[in-house]
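**Student:** Would you mind keeping the following structure in view while I ask a few things?
Numbering (the working numbering), first residue to last: 304 to 767.
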């Protein structure tokens, strides 16, 4: 897409052929990235460039290959009035075999290949007309060859092919001299995510937290010595595919320096304290925050499966291991925590860290409670046995269920058994007082002694 106003079109015609000027990363002064978790980033650069007066075709090189060309904004800092962009295009028909050969269709090419005769190699040359590319189809006169072998020799490279993605501006500059150009654009294929490492204390229900930011750059550009900001939250963006521009603790402690965190609109913005360089196709981890001696609660939960109301055989099930912690200042935390993967470790008897669970944590505001599922307990087992079943009509039943929890651990544990009941149901009798926690759950809390077992029985009437 090339945008040119009628007013500037007349200026271009009057000015004649524009002067050509290239601006590469060598003239870069600053770089900053605001990275979103939704796989895009805002790129801001300043570059110092000396420009002549008049109409200039300014090639701004080394931008991200995954740039959104419609998002580009450029300004001359300090003297914006004398610098006007009257036309913009994005050229990323980059130099490669296919794009290069496409410029030579219906022209003659010379192919060279080495052939062995006796004990030596000789170079054989063939000249033919290129009919098509991908695959190459060449008319050699006596035959038409598809993807012929050989090295192609060309006399020149077309000037419109670029070795790097390039923005091209037609600029009306009213004063010669040095300018500091600020360019801002959006690029896709660059994202961040949070990764949490929780190390549990062997003797107390406490943990130490380390939070890392994983920056993944597949945008098609390197960002050297860049300032980094991170936005946590879901940003609404319009999925508008446009034509191509031109084709042919004491609370949260931080390691070394503190990243700033602030509320930003309805999102959260983190500013990393140190600049960094991230190359194309690189994933880099940066320390975000840490906390020591935060407390947590570990508990065991069994969510029973969908009831087969006329079950005959006993059912056995394992308990889920779950943990929760409060994101509060009194718990050595108290900062908005972005969504991310949480890995939980515990030191074994040799002092080596072992993974005991992994879960994905949703974004957690200050004051909220994190809930994590770590796995299934090896030494806890529940057995369901149906003691009685009768029909009360075509669409109603009554059943009596016995639940036995066995604990093979060396210590007493508290467990929760969530019995799932569907339809219009009511518990009419129970040996242990339960609680209806939602429309499909009757919850029972039990304390099971070390090496022992505990049993409860309930009767439910169900209409469906």
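Yeah, the Cβ is synthetic: ideal placement off N, Cα and C, and Gly gets one too.
Is the beta carbon of residue 362 less than 7 Å from the beta carbon of residue 469?
**Tutor:** Cβ atoms of residue 362 and residue 469: closer than 7 Å.
**Student:** How is the beta strand (DSSP E) around residue 480 delimited, first residue to last?
**Tutor:** Residues 480-491.
**Student:** Which residue wins for smallest C-alpha separation from residue 335, given the options 348, 341 and 327?
**Tutor:** Checking every option, the nearest Cα to that of residue 335 belongs to 348.
**Student:** I need the DSSP call for residue 521, collapsed to helix, strand or coil.
**Tutor:** Residue 521 falls in the coil class under three-state DSSP.
**Student:** Under three-state DSSP, which class holds residue 546?
**Tutor:** Low confidence applies to residue 546: its pLDDT is 42, below 50, so where it sits in the model is not reliable enough to give any reading.
**Student:** How many whole angstroms separate the CB atoms of residue 763 and residue 735, which I take to be in contact at a CB cut-off of 8 Å?
**Tutor:** Contact doesn't hold; Cβ gap of about 14 Å is too wide.
**Student:** Less than 6 Å between C-beta atoms, sequence neighbours within five positions excluded: which residues of the same chain meet that for residue 437?
**Tutor:** Contacts found: 401.
**Student:** Along the chain, where does the beta strand (DSSP E) containing residue 702 start, and where does it finish?
**Tutor:** Where residue 702 is concerned, the enclosing beta strand (DSSP E) stretches over 699-710.
**Student:** With DSSP as the reference, label residue 328 as helix, strand or coil.
**Tutor:** It is helical.
**Student:** Nearest to residue 511 by alpha carbon, out of 503, 448 and 471?
**Tutor:** Closest by alpha carbon: 503.
**Student:** Whole angstroms are fine: how far does the CA of residue 657 sit from the CA of residue 663?
**Tutor:** Cα to Cα, the separation comes out at about 18 Å.
**Student:** Tell me which residues share the same chain as residue 750 and place their Cβ nearer than 6 Å to its Cβ, disregarding the 5 neighbours each side in the sequence.
**Tutor:** Same-chain partners within the cutoff: 717.
**Student:** Determine the direct distance from the alpha carbon of residue 520 to that of residue 847, and round the result to whole angstroms.
**Tutor:** An answer regarding residue 847 cannot be provided, because it is not within the stretch 304 to 767 covered by the chain.
**Student:** How about the region 373-380 and the region 470-490: do they share at least three Cβ pairs that are nearer than 8 Å?
**Tutor:** The region 373-380, when compared against the region 470-490, does touch it at the 8 Å Cβ threshold.
**Student:** Report the rounded CA-to-CA distance for residue 544 versus residue 628, giving the unit in angstroms.
**Tutor:** Residue placement at residue 544 cannot be trusted, given a pLDDT of 49 that sits under 50; what the coordinates show is reported in the next sentence. Going from the Cα of residue 544 to the Cα of residue 628 covers about 43 Å.
**Student:** Rounding to the nearest angstrom, what Cα-Cα distance links residue 388 and residue 354 in this structure?
**Tutor:** Spanning the two alpha carbons is a distance of roughly 13 Å.
**Student:** Residues in the same chain with beta-carbon distance under 6 Å from residue 738, minus the five sequence neighbours each way, listed in chain order, please.
**Tutor:** 746.
**Student:** Rank 642, 634, 699 and 619 by C-alpha distance to the C-alpha of residue 707 and give the top, closest one.
**Tutor:** Considering only alpha carbons, the answer is 619.
**Student:** Can you give me the start and stop residues for the beta strand (DSSP E) that residue 357 sits inside?
**Tutor:** 357-364 is the span of the beta strand (DSSP E), which, as asked, contains residue 357.
**Student:** If distances are taken between C-alpha atoms only, which option among 444, 756, 602 and 579 comes closest to residue 710?
**Tutor:** Nearest C-alpha to residue 710: 756.
**Student:** Mind reading off the beta-carbon distance from residue 604 to residue 622? Whole number of angstroms is fine, and I expect it under 8 Å.
**Tutor:** Right, their Cβ atoms sit about 6 Å apart.
**Student:** What residue from 416, 321, 382 and 364 has the CA that sits closest to residue 394's CA?
**Tutor:** That would be 364, whose Cα lies nearest to the Cα of residue 394.
**Student:** When burial is assigned at 16 or more other CB atoms within 10 Å of the CB, is residue 767 buried or exposed?
**Tutor:** With fewer than 16 Cβ atoms within 10 Å of its Cβ, residue 767 is classed as exposed.
**Student:** For residue 517 versus residue 493, is the C-beta distance shorter than 7 Å?
**Tutor:** No, these two residues do not count as a Cβ contact at 7 Å.
**Student:** Quick one: residues in its chain with C-beta nearer than 6 Å to the C-beta of residue 448, no 5 flanking neighbours on either side, listed in chain order?
**Tutor:** Within the same chain, residue 448 has close Cβ partners 441.
**Student:** Can you grab the Cα-Cα spacing for the pair residue 328 / residue 407, in whole Å?
**Tutor:** Rounded to whole angstroms, residue 328 to residue 407 spans 31 Å at the Cα level.
**Student:** May I have a chain-ordered list of the beta strand (DSSP E) segments no shorter than 3 residues that lie completely inside the region 382-462?
**Tutor:** You should have 386-394, 411-420, 423-435, 440-442, 447-449 and 454-456.
**Student:** Contact defined as beta carbons within less than 8 Å: I believe residue 600 pairs with residue 626. What is the distance between those atoms, to the nearest angstrom?
**Tutor:** Their Cβ separation, rounded to whole angstroms, is 7 Å, which keeps residue 600 and residue 626 in contact under 8 Å.
**Student:** Per the DSSP calculation, residue 476 is bridged to which residue(s)?
**Tutor:** According to DSSP, which records beta bridges pairwise, residue 476 is partnered with 357 and 386.
**Student:** Ignoring anything shorter than 3 residues, give me the beta strand (DSSP E) runs that lie fully in the region 577-660, in order along the chain.
**Tutor:** Counting only runs of 3 or more, we get 579-581, 585-598, 600-606, 618-629 and 643-650.
**Student:** Assuming residue 581 and residue 489 form a contact by the criterion Cβ under 8 Å, report the distance between their Cβ atoms to the nearest whole angstrom.
**Tutor:** The Cβ separation is near 17 Å, so there is no contact.
**Student:** So which of 577, 527, 677 and 640 has the shortest CA-CA distance to residue 333?
**Tutor:** Minimum Cα distance to residue 333 is reached at 527.
**Student:** Do you know whose CA, among 698, 752, 765 and 617, lies nearest residue 728's CA?
**Tutor:** It is 765.
**Student:** What residue from 572, 594, 454 and 719 has the CA that sits closest to residue 513's CA?
**Tutor:** When each option's Cα is compared against that of residue 513, the closest is 594.
**Student:** How big is the Cα-Cα spacing for residue 587 and residue 496?
**Tutor:** So the two alpha carbons sit approximately 11 Å from each other.
**Student:** If residue 617 sits next to residue 687, beta carbons under 8 Å apart, how far is it from one beta carbon to the other, in whole angstroms?
**Tutor:** Between residue 687 and residue 617 the Cβ distance is about 6 Å, and since that is below 8 Å, they are a contact.
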